[in-house]
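Chains as they are written, first to last, in our numbering: chain A, 1 to 345; chain B, 346 to 690; chain C, 691 to 1035; chain D, 1036 to 1380.
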């Protein structure tokens, strides 16, 4: 059994890693850290584990955790992760980092959107952990930068069109809607029940930190610089992101033909599901699962394609994709432990 | 006291008309019709009126209702409304029609999106009841076509920019999100609690019947044909529509200057509230009120303006705006009975 | 116009007082205090007031506020309120205290459930502000202790039966369910959206501080000591409390006759609505209004009566009832500013 | 592989059976019937199965289905199930019936609460499928009557106390709250999103058909007739039932000792989790899982015990328990295919 640690395990992502790894047949979770809940039983912090484990959170150094496990997931805040990553790598451990610290290849862009980077040399060693695009690199990686939740669905939604250069790359508009778990478990007024329930709002329009991450990957797909407009919104649901993506077509193609092309593009991808003509995904169809569901239509009047993609932000947008990456890095079947049908209703 | 009837009063819009008219100091509601609930006390169908009224629904002909009242609101399905409107007009009554039957000036477009029109000659007598744009016409109208819920927020959000022609009119994209009450009170699987709760989806992308209505009014504002892309979505909330509108700027202007221009444009409009730089409205801030709240920002990188507008679909998007029109038609102060602060949380 | 101040106005209760007082024709709100939001515009903290007021929160002493107004509402935490109340009373102001500091007549019980009381002599001057039971006392009061949210619905639900002594007073069980706004606007993990949404739990069973308040008032109605079992639960809704109350009947009476008796008992009470046989209230029927709705049934098999009462915890359970008390204290019609029909859906 | 059929598979219970059986390593689902969706792909009716199955619903007779499978689950309405059960039994198939048709041992009581029974002789062959109480009988059964959702949690919550006769059996009050999926997928006004969201109500107080089922089982546990008061409520959540149960203690025991006794009573039960002193379960901790979580406390002032039990109504309250029964009937490990951690948030 592979020994696995979760560093910074007391948030919603940490809990989701535990839920999923707990049913993974090839791994044992041997370390769970939390400064805040040091010594507290996991089932006190996450009652879903009541009766299932006696494990407690520990406040352990990276060095200590490295001594216990073969692979480590880092679910730490941006800026904190890069302090711990080098220690795990030096100890010869495989690292899957769920923060943004190693996602951006251009250090200037990272420092412009985040903060000063303390281990810039490590950036080039990191692989962007989107298996559908970088599977072989992930297999060989020591350090995987697990993608952000918004970028995962947006990149998968646009990849086929960008690779073909069938759209005007200056025309991309991404209107995203995310459930509240994406904001984490730290108490703040903005995510109180009464502030969110029966409400809906846009936030950080054109200012969200996932913009440079999306532009980097979309640009690599297109082979040239891409600039997008991005408006994220806060949905009154626990889980799920739905992206509605608009772009001007440069190729004459029918909706049916485009959908066939998407199906062909993703034909070997277990976790990408392309919907038939006239059907669009609902976030409730991916809730709790590792799927990215995609629907498409072309507006012949305006020559625009509209792509709707949806994921569970805690699974394909975080913990599930991290395990998918671990499976690749460790030689397991890619979908091991991830064969979950969505929970509806 | 003005005598008012509501024809087709047993849906959510009917209830909202009753809630609002019940506190209007100048009117008496004298007739409420419903075929389905004929003879049933209003408070049995809508328990919010428990103890407040002994009134019952009646299944009365337009002729009978016309005999009872001075003004009539029609809250009937599209296609049914046009059967009743002529009878009320012939009886000399003022009519506010909440269906789509008299909103589209081009009968061909109406018949393409809806059905055969049986009184096409009446279309030209109808005034499109958006007071912020057509106040004087509404004052003089006998027949007001009350705007659709999506068009209300979208037109108010774009009007200043279109009048100035500061945007590329081929670039308009409208991504809208609506609460469930917009779908009415008829039982159907798609609006069951379990189908909507914890879900979110797009529907009728580029196929929604509000598209020709928006394009008509946006075109009139711009002075030339306008085609938009329109993707409506279903939000798991009771009330509220939030529109996120994208367009390419053709004018060099700062966000602050644009906001000042919007404030100036709407300076005499009690029901339009323009937000300051960096602030965007939440549907929970208009819930239960007749406001349309608007926030704006310019993305200098992509030369796009992003406009966020929000209304309560049952109030400014239906019953409230209908009463605003009635006030104008009958010489009352425009905000009579509509001075409601939103209910939050 | 009566000059009114709200001391501690930045929570949900403060906002609700503002919403309701803003449409009260006899008062002007002249002071709003908040330590945390000193100098911040009210509309920044509560966007529902966008465009409606330029007022800012101020961090003012009770002395300063007393200099500005005739009546003051205190929306402060328990234990803090009693520090401010004497200063307002000495300045000759009428005080409506929304905390628990002056609700319990027995100081020992107060100190057992809360903390040391610093002005115990004032307790006997306070009137328990449930107008339906203590209307005349409220009219003459200088200091009103506004009832708690759970007690309001429970006492109104049981009062007729207890006055008649028709139930076994040792048999009372109260199972209550409250919306989240009752927990206030301070950030804490337990009231985050993701912790509450799609969840439901009991909390503080037999340990909630509203128990002594209910037992005091139920005992006064019964004329002897009453002990209840009380299990509150947290509902995933913004507003509303629904109490399901069980007691063993000692009187042979039919449900219809009991309902008639309740209707008679409350026949002059505008804000209490008794439902007909077989009908039970839904919290959505009182949301946003000052009503307490009550339904009843008798289980002949077990000789128990089951009473369901519901209120909006922010209105009849806090701000609305406080204004009802102010109206009585100041000689206004009791329902002034409170004629609101519930907002549904 | 065991061949399994689901007769009446197009509701929420049918979908949940599919979700769970799809990951059961010992079975193949070979037949799914639906009259309404005959010929329609399962993934069109339940998008969670998109891409996972090509299967279609079929409108097949019991005879046809019996020819295809070894075990059949009946997810039919009450009254319809008893028409099909004999045909499956005659064909030698094992039957798990999720309707109420074979739960009540006394035909008079069945016919009083439901309708005329057409195969009364089969009732005595049915085993009440609550494995924690009737494991051995279930193992030997040909026909299992799968318990109702309310009874499951209530019986498990009371069983230890009743077996010991530690409570006054005339004192039992059950206040239950259920999510909306319990009402099924048939469109009706009462379960529309707008009717349920932000609402909460009691319904069918003392009139719910689960009363005789609970009284039968509680009576068998107690060894004498039991009558309960039962008030079910409708919660604005998709899944989950939480029961708050009150009874008068006749035994002097501490909460800690009582909890120890419950832990001992259920020590071999994988799907029953007893909480520690002071802790009470939240329905969000069992959502999506087969657990029944129980918390307890004693109110020394009133000599009452309060028991809080919670299940997912679609899993332990329906499909999960049905599979638990199938596992027992077919000799599989009891938890096969049911090792799911709850999905939170």
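Here a beta-carbon is modelled for each residue, glycine too, at the ideal position from N, C-alpha and C.
Interface residues of chain C facing residue 618 of chain B [CB-CB closer than 7 Å]: 740, 741
By a C-beta neighbour count over all protein chains shown, 10 Å radius and 16 as the cutoff for buried, is residue 395 of chain B buried or exposed? buried
List in chain order: all unbroken beta strand (DSSP E) runs of 3+ residues lying wholly within the stretch 103-135 of chain A. 126-128
Residue 917 of chain C vs residue 961 of chain C beta-carbon contact at 9 Å: no
Which residue's Cα is closest to the Cα of residue 1038 of chain C: D:1266, D:1222, D:1094, D:1215? Since the first and last residues shown for chain C are 691 and 1035, residue 1038 of chain C lies out of range.
Flag this pair as yes or no: are the beta carbons of residue 1361 of chain D and residue 1106 of chain D separated by less than 9 Å? yes
Are the stretch 142-158 of chain A and the stretch 96-110 of chain A touching, with three or more C-beta to C-beta distances below 8 Å? yes
Closest Cβ-Cβ distance between residue 530 of chain B and chain D: below 9 Å? yes
Starting from residue 721 of chain C, trace the beta strand (DSSP E) in both directions and tell me its first and last residue. 717-722
Runs of 4 residues minimum, wholly inside the stretch 939-976 of chain C: which ones carry the alpha helix (DSSP H) assignment? 945-955
Mind listing the chain C neighbours of residue 633 of chain B? Cutoff is C-beta to C-beta under 8 Å, in chain order. 978, 1033
8 Å CB neighbourhood of residue 753 of chain C in its chain, flanking five on each side removed: 777, 781
How should residue 1249 of chain D be labelled, buried or exposed, when 16 other C-beta atoms within 10 angstroms of its C-beta is the threshold for buried? buried
Identity of the residue in D:1155, D:1194, D:1206, D:1240 nearest residue 986 of chain C by Cα: D:1240
Verify the CB distance criterion: does residue 231 of chain A have a CB-CB separation below 9 Å to chain B? yes
Identify every run of the beta strand (DSSP E) within the stretch 1094-1118 of chain D, keeping only runs that are complete inside it and at least 3 residues long; order them along the chain. 1106-1109
On a CA-only basis, which of D:1275, D:1280, D:1341, D:1290 is nearest residue 344 of chain A? Give me that one, please. D:1275
Can you tell me whether residue 1203 of chain D is buried or exposed? The criterion is at least 16 other CB atoms within 10 Å of its CB, across all chains shown. exposed
Please state the DSSP three-state secondary structure of residue 1224 of chain D. helix
DSSP state of residue 1279 of chain D, grouped into three classes? strand
Alpha-carbon to alpha-carbon, residue 1030 of chain C and residue 346 of chain B: 21 Å
If you compare alpha carbons, which of B:371, B:652, B:601 is closest to residue 349 of chain B? B:371
Check the Cβ of residue 327 of chain A against every Cβ in chain D and list those closer than 9 Å, keeping chain order. Neighbours of residue 327 of chain A on chain D: none; closest Cβ ~18 Å, over 9 Å.
For a contact defined as C-beta to C-beta under 7 Å, what are the partners of residue 541 of chain B on chain D? 1228
At a Cβ threshold of 9 Å, is residue 902 of chain C touching chain D? no
Chain C contacts from the stretch 9-36 of chain A (Cβ-Cβ distance under 9 Å): 12
Run down chain D in chain order and give the residues with a C-beta less than 8 Å from the C-beta of residue 239 of chain A. 1380
Which residues in the same chain have their Cβ closer than 6 Å to the Cβ of residue 1218 of chain D, if we skip the five residues on either side of it in sequence? 1226
Say whether chain B places a C-beta atom closer than 9 Å to the C-beta of residue 737 of chain C. yes
Starting from residue 1224 of chain D, find everything on chain B with Cβ-Cβ shorter than 8 Å and list it in chain order. 530, 532
Out of A:22, A:337, A:248, which has the shortest C-alpha to C-alpha gap to residue 518 of chain B? A:248
Just tell me which of B:404, B:659, B:639 has its CA closest to the CA of residue 650 of chain B. B:639
Determine the chain A residues that contact residue 868 of chain C at a beta-carbon separation under 8 Å, and present them in chain order. Going along chain A, no residue has its Cβ under 8 Å from residue 868 of chain C, so there is no contact; the nearest lies around 12 Å.
Between residue 597 of chain B and chain A, is there a C-beta pair that is closer than 9 Å? no
Return the chain-ordered list of same chain residues with a C-beta closer than 7 Å to the C-beta of residue 135 of chain A, the five sequence neighbours on each side being excluded. 328
Taking C-beta pairs closer than 7 Å, name the residues in chain D that residue 992 of chain C reaches, listed in chain order. 1262, 1264
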